[in-house]
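Since the structure comes first, as structure tokens, the remarks are kept for the end.
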DNA sequence: AGCACGATTAACT
DNA sequence: GTTAATCGTGCTC
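Put into structure tokens, the structure is as follows:
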């Protein structure tokens with residue numbers, strides 16, 4: 116049964132220090148609306164923080180470009196980018212406008228619209244539908260057309276819905292993944308957060 | 001203008 | 001554990 120009167124998260128949730136937003140997003144629901152389709156939604160269970168041009172793992176390291184300019188925009192907007200010649204990644208801009216920082220959504224557990232997700236994900240099992248940053252973009256039909264989108268706009272077709280705040284002891288942190296050639300100390304910063312059962 | 005490689009995934013051995 | 005897929009980006013020549 117769909118939750119009643121669940122509130123969309125507003126700007127103030129995202130206009131906070133990036134590590135705090137990365138932790139606070141755990142347990143919240145990502146929701147995708149597409150005309151003619153049922154809602155697609157799931158619980159955010161893994162995030163990573165990318166913080167400013169000093170963070171050499173962050174795309175903002177090489178300054179503002181056409182690709183990454185969304186990170187300099189308002190907190191609560193999306194930063195969607197393309198990588199490996201085939202995958203899209205969803206980030207949510209944090210901190211304050213002008214400070215290039217964002218949270219990568221790395222993993223989601225499906226709640227609503229599971230049949231749609233399965234169709235988009237080649238009928239893989241439930242656990243495999245959105246348990247990766249590129250997988251969830253495929254499952255939620257997220258691509259470059261959504262880059263720079265304002266998730267706080269009431270009209271937005273993609274947004275975060277408030278859910279229960281997890282107990283602090285169910286949150287773990289560790290180094291971000293996929294940063295093979297990133298120098299220390301950035302490579303080892305414990306800026307990846309997981310929500311455990 | 002050319003080139004190495006990436007905030008990954010799926011399909012191999 | 002290893003690797004192909006596949007192309008935009010940023011760096012070097």
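Residue numbers (the numbering used here): 116 to 312.
Every residue, glycine too, gets a C-beta built ideally from N, C-alpha and C.
> Ends of the alpha helix (DSSP H) at residue 297?
Replying inline: For the purposes of this step, residue 297 is taken as residue 182 along the first chain, with counting starting at 1. Looking at the DSSP string, residue 297 is not in any alpha helix (DSSP H), and its letter there is neither H nor E.
>> Using only the alpha-carbon positions, how far apart do residue 210 and residue 184 sit?
In response: Counting from 1 along the first chain, the entry for residue 210 is found at position 95. Counting from 1 along the first chain, the entry for residue 184 is found at position 69. Whole-angstrom Cα-Cα distance: 15 Å.
> Would you call the CB atoms of residue 244 and residue 233 closer than 8 Å?
Replying inline: Taking the first residue of the first chain as 1, we reach residue 244 at position 129. Taking the first residue of the first chain as 1, we reach residue 233 at position 118. Going by C-beta atoms, residue 244 is nearer than 8 Å to residue 233.
> So does the stretch 121 to 141 actually touch the stretch 274 to 281, counting three or more Cβ pairs closer than 8 Å?
Replying inline: yes
> Which whole-angstrom value describes the C-beta separation of residue 217 and residue 186, a residue pair presumed to lie in contact below a C-beta threshold of 8 Å?
Replying inline: Within the first chain, numbered from 1, the residue matching residue 217 stands at position 102. Within the first chain, numbered from 1, the residue matching residue 186 stands at position 71. Confirmed, Cβ separation roughly 5 Å.
>> Runs of 3 residues minimum, wholly inside the stretch 143 to 231: which ones carry the beta strand (DSSP E) assignment?
In response: 144 to 147, 155 to 166, 193 to 198, 202 to 208 and 216 to 227
> When the Cα of residue 161 is compared with those of 127, 292, 256 and 231, which residue comes out closest?
Replying inline: In the first chain, counting from the first residue as 1, residue 161 sits at position 46. Nearest option by C-alpha distance: 292.
> If you draw a straight line from the C-alpha of residue 215 to the C-alpha of residue 299, how long is it?
Replying inline: Taking the first chain and counting its residues from 1, one reaches residue 215 at position 100. Taking the first chain and counting its residues from 1, one reaches residue 299 at position 184. So the alpha carbons of these two residues sit roughly 20 Å apart.
> Do you know whose CA, among 164, 208, 167 and 258, lies nearest residue 198's CA?
Replying inline: Position 83 of the first chain, counted from the first residue, corresponds to residue 198. The option with the nearest alpha carbon to residue 198 is 258.
> Whose C-alpha, out of 247, 139, 163 and 255, is nearest the C-alpha of residue 330?
Replying inline: The question about residue 330 has no answer, for the chain in this structure spans 116 to 312.
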